[in-house]
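Take a look at the structure below.
There are 2 protein chains.
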Amino acid sequence: MVALSQLQIIWGCVLAPTLDELAALSGVSRATVSRVINGGPVAEATRRRVIAVLEQTNYRPNVAARVLASGRSGIVGVVFHLEPRLLFRDPYFSLLLHGVAEVLAQETAGMMLWLGNRTKQETLDRILGLRLLDGVIVTADHLEDPLVDGLMASDFPTVLVGHRREDLTANYVDVDNIQAADVVTTHLINLGRRRIGHITGTRSTVTAEDRLTGYLRAMKRAGLTDEDLIADGDFNRESGRECAEVLVDREVDAIFCANDATAVGAYDAIRAAGRRIPDDIAVAGFDDLDLALDLDPPLTTTRQYIERQGEEAARMLCQILADPEGSPRRSLLPTELVIRQSTTGGALGS
Amino acid sequence: MVALSQLQIIWGCVLAPTLDELAALSGVSRATVSRVINGGPVAEATRRRVIAVLEQTNYRPNVAARVLASGRSGIVGVVFHLEPRLLFRDPYFSLLLHGVAEVLAQETAGMMLWLGNRTKQETLDRILGLRLLDGVIVTADHLEDPLVDGLMASDFPTVLVGHRREDLTANYVDVDNIQAADVVTTHLINLGRRRIGHITGTRSTVTAEDRLTGYLRAMKRAGLTDEDLIADGDFNRESGRECAEVLVDREVDAIFCANDATAVGAYDAIRAAGRRIPDDIAVAGFDDLDLALDLDPPLTTTRQYIERQGEEAARMLCQILADPEGSPRRSLLPTELVIRQSTTGGALGS
DNA sequence: TTGTACGCGTTATCAT
DNA sequence: ATGATAACGCGTACAA
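Taken in sequence, the protein lines are chains A and B. Residues 0 to 349 (numbering that gives the first Met the number 0) make up the first sequence, in order. Residues 0 to 349 (numbering that gives the first Met the number 0) make up the second sequence, in order.
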């Protein structure tokens, strides 16, 4: 047992102390110090002695050594493997990341971020090859996704944000896009609209397909199905504008857009064509981003608590790491139709 | 030397091969395999034999073991330690991250992301305590910043994005905010504006102070200084609106906003007060985000190539890691005044 | 309850 | 040019 002053001199702030050094300071063996840190059986008296030293040195375990010995780092991966333009022009991923980071900051030692700068196959190789991460959170947007396939095939602890129907054993956080799209489409039908167009999201993504499915389900139920009312968009403003131009020409009286960014483009096109919202054409989006409220008129849309999905995914991964056994964990978070003037304003408003 | 088929059977895709196993397969020692991988002196014939095995097994070194032995992981930290609302409501950081990720993806094994979920002191402790990162890229916005102070005090390889004048030994990427603010203010003066207001950014940040300094310099030179024309904002739309309301009351004929988000708020307030842009009040922003072009009228602003700053910072860090010696590296990137109708449109336009 | 000793997979320093 | 062998710092059986 050495006095604090001496201890400061020995290590200062420069050299990080090791278990061996802490052991020497507390007069016990390295194994005992390790047990104190990791919660092994230690006599109360010695534990207190060790803890005192621990605090004085503000000891941090060497992650590399810990991984080598035990296989666990406390570090998790977060994979947003998407086109950069999609990743950064829509607040969706920022919100998701925010939620994830919030929870992980409390529960883990750190977060490695993987973006779409490499092929999915290469990203997969690296993540598994590193043998450093305890688990990953991955956005699973695409129908075809070798990265998700690879993770599912391995037994690497994984939580998906979004999922495909064939991911049977996956742990995931998702929302019911089909149901939500059905609800908003039905809302438009109930308002008396009949020629309801849909601008889809990127067609290779799960969310785009699901929202389309929900739209079709509601339209079919009302006997309104018409293939001409569907335009393939890309989840962004530009495609929203282009698709809306087409739909305006086809004389729709409402448009359900696959997300809010698309709806902004639809506003542009509808305005440019000299039509009024919602009097001539009602518009609905999806996400309920901040901008939905700023639009004129404010946008009817489906709120999906993106940040909370991130939090939930992070929490789920932590649970899996704490208790790897058990059946797949699944969390279907609620959505909420937020009705604003873009569908109910104007003369035709209900 | 073992045939490929046998090799597959031995490890399948499940177990990651180790140096020892590769050595056994190629009929050389572990040390030689290591030399092949890390570029040591190896006879050409044996090198080829080893490389063949390397490719067949798609071997990935164990990062933890490598760190323990050599101290280098190939992983760098990226620290955006800011209020979450600032971090995610302005595309600035997304663009920066994009640039950083692009370069790091090619040069390094990975990227750990640190956001403002903990105190700066704690973030600093963790980063240094991990002993896993080769270096960090840090946004250095604040005048008072224990995180940056701590990194400067240590000899940990660090690149700052933005810097303070007292960071004498720092490696940094920055733009000349003072000069850029001077230029835009002078632009307004040259247009004949006399009561030119300034909405500052968050006053504890370097960029806010520097842009204010540049504004004051230009105003002083023109003999126009007036303390009443300065309103303290917060780099966001809301504060832009509030500050612009005040400035409109004080009968400014122009407003230089500390960033584009602030300018959007200023537009709101000016419109609400029934004034025209730029006829009654000219407006200029800073950043040249996409939205600057979408505003009506399009916003005069200073373009600062944010993404390129991220790329440059990443490149600089890689250089430092490759060659730790040498004087501090500094990179002052150019800015460009982009003149649009928010200053030169309307009847008064030059 | 506590200590000893080995192993994790690599790099690096020696001999050879 | 190559091969032993010793670190690197930690966790953990096993022995005491």
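Yeah, the Cβ is synthetic: ideal placement off N, Cα and C, and Gly gets one too.
Legend entry - Exposure of A207(A), with buried meaning 16 or more beta-carbon neighbours within 10 Å: buried
Legend entry - Within the segment 130-217 of chain B, ranges of the alpha helix (DSSP H) (whole runs, at least 4 residues): 145-152 and 176-189
Legend entry - Close-in-space but distant-in-sequence residues of the same chain around R192(B) (CB under 7 Å, 5 per side omitted): D252, A253 and A281
Inset, instruction - May I have a chain-ordered list of the alpha helix (DSSP H) segments no shorter than 4 residues that lie completely inside the segment 0-78 of chain A? - result: 3-10, 18-25, 29-37, 43-55 and 62-69
Legend entry - Distance between G76(A) and S33(B) (C-alpha atoms, nearest Å): Rounded to whole angstroms, S33(B) to G76(A) spans 27 Å at the Cα level.
Inset, instruction - List the residues of chain A that P16(B) touches, going by C-beta distances under 7 Å, in chain order. - result: Listed along the chain, the chain A residues whose CB falls inside 7 Å of the CB of P16(B) amount to none; the nearest CB is some 11 Å away.
Inset, instruction - Using a Cβ-Cβ cut-off of less than 9 Å, give me the residues of the segment 80-95 of chain A that come near chain B, in sequence order. - result: P83, L86, F87, R88, P90, F92, S93 and L94
Inset, instruction - Starting from the C-beta of I50(A), find all residues in its chain whose C-beta is less than 7 Å away, skip the five residues before and the five after it, and write them out in chain order. - result: Contacts found: V35.
Legend entry - P327(A) classed as buried or exposed, judged by whether at least 16 other C-beta atoms fall within 10 angstroms: exposed
Inset, instruction - Find the residues of chain B that neighbour E265(A), judging by a C-beta separation of less than 9 Å, and give them in chain order. - result: Here the sequence assigns Ala to residue 265(A), which means Glu is not the residue at that position. Contact annotation for A265(A) against chain B: no contact, minimum CB-CB distance about 15 Å [criterion: below 9 Å].
Legend entry - T300(A) and V263(A) closer than 9 Å at C-beta: no
Inset, instruction - Measure the alpha-carbon distance for D173(B) versus L114(B) and round it to whole angstroms. - result: 20 Å
Inset, instruction - Mind listing the chain A neighbours of L131(B)? Cutoff is C-beta to C-beta under 7 Å, in chain order. - result: Listed along chain A, the residues sitting closer than 7 Å to L131(B) by beta-carbon distance are V62 and A63.
Legend entry - Strand pairing of D335(A), partner residues [DSSP]: Per the sequence presented here, residue 335(A) reads as Glu, with Asp not at that position. Beta bridge pairing from DSSP links E335(A) with R302(A).
Inset, instruction - Using a Cβ-Cβ cut-off of 9 Å, state whether N57(B) counts as contacting chain A. - result: yes
Legend entry - Close beta carbons around I9(B), own chain, < 7 Å, minus the five adjacent residues each side: The predicted model places I9(B) with a pLDDT of 40, which falls under 50 and marks its position as unreliable; any figure quoted below should be read in that light. Here the set comprises nothing.
Inset, instruction - Report the neighbours of E101(B) on chain A: residues whose CB is nearer than 7 Å to its CB, in chain order. - result: N116
Inset, instruction - Check the DSSP bridge columns for L112(A) and list the partner residues they point to. - result: V77(A)
Legend entry - L67(B) and N61(A) closer than 9 Å at C-beta: Yes; because the gap between Cβ atoms is below 9 Å, this pair is in contact.
Inset, instruction - Using only alpha-carbon positions, find the residue among T224(A), H162(A), G309(A) and G345(A) that is nearest to V205(A). - result: H162(A)
Legend entry - Alpha-carbon spacing of F360(B) relative to E324(A), whole angstroms: The requested residue 360(B) does not occur in the structure, where chain B is confined to residues 0 to 349.
Inset, instruction - Just mark E20(A) as buried or exposed, buried being the case when its beta carbon has 16 or more other beta carbons within 10 Å. - result: Note on E20(A): 16 or more other CB atoms within 10 angstroms of its CB, so buried under the neighbour-count rule.
Inset, instruction - Measure the C-alpha to C-alpha separation of D209(A) and M218(A) and round it to an integer number of angstroms. - result: 14 Å
Inset, instruction - Tell me, please, which residues DSSP counts as bridged to D286(B). - result: D286(B) pairs with R302(B).
Legend entry - Simplified DSSP state of G348(A), which is helix, strand or coil: Residue confidence for G348(A) is low, a pLDDT of 41 falling below 50, so the modelled location carries little weight and cannot support an answer.
Legend entry - For Y171(B), the nearest candidate out of L331(B), G345(B) and T45(B) (CA to CA): Comparing C-alpha distances from Y171(B) to each of L331(B), G345(B) and T45(B) shows the shortest one belongs to L331(B).
Legend entry - Contacts of M351(A) in chain B (Cβ-Cβ under 9 Å): Residue 351(A) lies beyond the stretch modelled for chain A, which goes from 0 to 349, so this question has no answer here.
Inset, instruction - Would you kindly work out how many angstroms separate the C-alpha atoms of Q340(B) and D286(A), rounded to a whole number? - result: 33 Å
Inset, instruction - Alpha carbon to alpha carbon, how far is M110(B) from L112(A)? Give it in angstroms, no decimals. - result: 6 Å
Inset, instruction - Check whether the Cβ atoms of G309(B) and V135(B) sit closer than 9 Å, and answer yes or no. - result: no
Legend entry - F234(B), DSSP secondary structure in three states: coil
Inset, instruction - Measure from the C-beta of V35(A) to each C-beta in chain B and report whether the shortest distance is under 9 Å. - result: no
Inset, instruction - Identify, in the order they occur along the chain, each residue of the same chain with its Cβ nearer than 8 Å to the Cβ of N177(B), setting aside the five sequence neighbours on each side. - result: Position check: residue 177(B) holds Ile in this sequence, whereas Asn was assumed. Answer for I177(B): D209, R210, T212, G213 and R216, listed in chain order.
Inset, instruction - Can you give me the start and stop residues for the alpha helix (DSSP H) that A100(A) sits inside? - result: According to the DSSP assignment, A100(A) belongs to the alpha helix (DSSP H) that extends over P90 to E106.
Inset, instruction - Output yes or no for whether 9 Å exceeds the beta carbon distance between I276(A) and G344(A). - result: Cβ atoms of I276(A) and G344(A): closer than 9 Å.
Legend entry - Contact with chain B by R125(A), beta-carbon distance below 9 Å: yes
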